[in-house]
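In the working numbering, the protein residues as written are 1296 to 1744. Using N, Cα and C, we set each Cβ at its ideal position, and we do this for glycine too. Since the model is a prediction, treat every value here as computed from it, not as a measurement.
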Ligand SMILES: *Cc1c(COP(=O)(O)O)cnc(C)c1O
């Protein structure tokens, strides 16, 4: 298999003249030889950066460190490196030092919504569990840039056990999402321990792993790793391809190993200016993903983390991309475009409008071609008042299979048996006058009266 191409060979030999293919494909060799300074990056790529520019890059690296695997570096086209999508994602840009007033070090409030260290509990039934603080490549667009370059260490079992205990004691958690850092930088035996601890929690139904390893260090997906993972099904893996160029013989093989182990694969891309802000590039990417049994899951609007303004696009670019996909290609190739709400509101889907108008018995829709059509609604639909008494309902819900959560948010406004009729910010002045205190309490939260 043509895994060791000329470009890779050139880089490998510059690292170590006695290198053999087995070294290159050894993930520990790749990690050990990760490129961490501009000089080495220039030497291995065979490029020369202009002196003034280089000084700026070195200043940037002091604040936001550099680390790229030789494998990922080998994907760069040195003849046009400044426009190269892999170069842009892995090599610093002095624009990272320009922090905008609206940018934040923790835009998603992950550290605030954290009941115990390493856990972010935002949604009712699932938690994010930061189990590793190591990455094989430092993405320049990392949303957790605040943590990039923290000392790499194997998280100790005692600390991780606190997160496991939290999940054990929180029965509504049915889905845990292992993240980091990159969970696949943990050793096979550590992962084996962690997954077996999690699997022993009765109310936990699914384990998810988010990893960029298939993109930047595909050799980490070894037969042994896969044999550990498949002991703990259902395991889902989400990876992070941003550009079709990242899909190579090596990454294909990594994805095939995971898929062959029965692991459903998803992909989370970040919309990045100058990298993938183009409908044709995104269409090519999603087609390559599904060819490799990876379902495009999310397309993220770039977060408001510090120093990322050069990567951000207007939201309209994301909508334009989704417009170019829905209907134009297979439904399962279309990711959900989301904005992760600053302040910690979670992911909010955004898409083009397809519902143009409606009356009491018809809706007017438009399709991807611009055809405007109508859908006739039923003449009669007997509205059944739902008091959430499922036991006496004619629909056959098996109660033991169904959660018993209260309706929340707009779903609460829509439900029949709820008293509340509106959601109003606590700071609402009008209601403040009603209460006689002249003002709301000003915390901007919503109450539910
Ligand atoms: C993204 C995310 C999840 C998982 O969200 P899904 O929409 O279920 O994929 C869970 N917790 C946090 C904090 C997240 O950011």
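Residue range of the unbroken beta strand (DSSP E) whose run includes residue 1363:
To locate residue 1363, count along the chain shown from 1; it is residue 68. Taken as a continuous stretch (DSSP letters only), residue 1363 belongs to no beta strand (DSSP E), as it is neither H nor E.
C-alpha gap between residue 1493 and residue 1480, whole angstroms
Along the chain shown, one-based indexing puts residue 1493 at 198. Along the chain shown, one-based indexing puts residue 1480 at 185. Rounded to whole angstroms, residue 1493 to residue 1480 spans 18 Å at the Cα level.
Got a list of residues with beta-carbon closer than 6 Å to any non-hydrogen atom of ligand 2, in chain order?
What this structure holds is ligand 1, not ligand 2.
Measure the alpha-carbon distance for residue 1459 versus residue 1437 and round it to whole angstroms.
Indexing the chain shown from 1 puts residue 1459 at position 164. Indexing the chain shown from 1 puts residue 1437 at position 142. Going by the C-alpha atoms only, they are around 26 Å apart.
Buried or exposed for residue 1724, please, with buried defined as at least 16 other CB atoms from any protein chain shown within 10 angstroms of its CB.
For the purposes of this step, residue 1724 is taken as the residue at position 429 of the chain shown. Classification for residue 1724: exposed.
Measuring CA to CA, which of 1404, 1694, 1359 is closest to residue 1393?
Mapped onto the chain shown, residue 1393 falls at position 98. Residue 1393 has its Cα closest to that of 1359, out of 1404, 1694, 1359.
Can you give me the C-alpha to C-alpha distance between residue 1297 and residue 1665, rounded to a whole angstrom?
Looking up residue 1297 in the chain shown gives position 2. Looking up residue 1665 in the chain shown gives position 370. Interpretation of residue 1297 is limited by its pLDDT of 47, a score under 50 that renders its predicted location unreliable; no figure is taken from the coordinates.
Apart from the five residues on each side of it in sequence, which residues of its chain come closer than 8 Å, Cβ to Cβ, to residue 1667?
Within the chain shown, numbered from 1, the residue matching residue 1667 stands at position 372. If we look at residue 1667 and ignore the five residues flanking it on each side, its Cβ neighbours are 1651, 1659, 1660, 1661.
Taking the beta strand (DSSP E) that residue 1636 belongs to, which residues open and close that run?
As a position in the chain shown, residue 1636 is number 341, starting the count at 1. First-last of the beta strand (DSSP E) with residue 1636: 1631 to 1636.
Tell me which same chain residues have a C-beta within less than 7 Å of the C-beta of residue 1467, skipping the five on either side of it?
Locating residue 1467 in the chain shown gives position 172, where the first residue counts as 1. 1419, 1420.
Can you tell me which of 1543, 1495, 1538 puts its alpha carbon nearest to the alpha carbon of residue 1528?
Counting from 1 along the chain shown, the entry for residue 1528 is found at position 233. Among 1543, 1495, 1538, the Cα nearest to that of residue 1528 is on 1495.
Helix, strand or coil at residue 1744 according to DSSP, with G and I counted as helix:
Within the chain shown, numbered from 1, the residue matching residue 1744 stands at position 449. Per-residue confidence for residue 1744 stands at a pLDDT of 44, beneath the threshold of 50, marking its modelled position as unreliable; the derived number appears in the next sentence. In the structure shown, residue 1744 sits in coil (DSSP, three-state: anything other than H, G, I, E or B).
What's the call for residue 1587, buried or exposed, on a 16-neighbour Cβ count within 10 Å?
Stepping through the chain shown from its first residue, residue 1587 is reached at position 292. Answer is buried; the Cβ neighbour count reaches 16.
Stretch-stretch touch, CB-based, cutoff 8 Å, three pairs: the region 1621 to 1632 with the region 1381 to 1401:
no
Spatial neighbours of residue 1579 within its chain, please: C-beta separation below 6 Å, excluding the five flanking residues on both sides.
The sequence position of residue 1579 within the chain shown is 284, counting from 1. Excluding positions up to five away in sequence, the list reads 1539.
Please go through the same chain and pick out, in chain order, the residues whose beta-carbon is closer than 6 Å to the beta-carbon of residue 1473, but skip the five residues on each side of it.
Within the chain shown, numbered from 1, the residue matching residue 1473 stands at position 178. Result list for residue 1473: 1424, 1426, 1504, in chain order.
Between residue 1549 and residue 1592, what straight-line distance do the alpha-carbon atoms span, to the nearest angstrom?
Position 254 of the chain shown, counting from 1, holds the residue named residue 1549. Position 297 of the chain shown, counting from 1, holds the residue named residue 1592. The alpha-carbon atoms of residue 1549 and residue 1592 are separated by roughly 18 Å.
Helix or strand or just coil, what does DSSP make of residue 1297?
By one-based count along the chain shown, residue 1297 stands at place 2. Residue placement at residue 1297 is flagged as unreliable, the pLDDT there being 47, under the threshold of 50; a coordinate-derived value is accordingly withheld.
Would you mind giving the Cβ-Cβ distance between residue 1606 and residue 1568, rounded to the nearest angstrom? I have them listed as a contact below 8 Å.
As a first step, residue 1606 is located in the chain shown; it is residue number 311 there, counting from the start. As a first step, residue 1568 is located in the chain shown; it is residue number 273 there, counting from the start. Yes, they are in contact, since the Cβ atoms of residue 1606 and residue 1568 sit about 6 Å apart, within 8 Å.
Note the first and the last residue of the continuous alpha helix (DSSP H) segment covering residue 1582.
Residue numbering aside, residue 1582 sits at position 287 when the chain shown is read from its first letter. Segment 1574 to 1586, the alpha helix (DSSP H) holding residue 1582.
Taking residue 1668 as part of the beta strand (DSSP E), name the residues at either end of that continuous run.
The sequence position of residue 1668 within the chain shown is 373, counting from 1. First-last of the beta strand (DSSP E) with residue 1668: 1667 to 1671.
What is the C-beta distance between residue 1389 and residue 1351, in whole angstroms, given that I count them as a contact (C-beta under 8 Å)?
Residue mapping note: residue 1389 aligns to position 94 of the chain shown, counting from 1. Residue mapping note: residue 1351 aligns to position 56 of the chain shown, counting from 1. Going by Cβ atoms, the distance from residue 1389 to residue 1351 rounds to 4 Å, so yes, they are a contact pair.
C-beta atoms of residue 1564 and residue 1603 nearer than 9 Å:
Your numbering for residue 1564 matches position 269 in the chain shown. Your numbering for residue 1603 matches position 308 in the chain shown. No, the Cβ-Cβ distance between residue 1564 and residue 1603 is not below 9 Å.
Okay, do the region 1328 to 1345 and the region 1357 to 1374 touch, 3+ Cβ pairs below 8 Å being the bar?
yes
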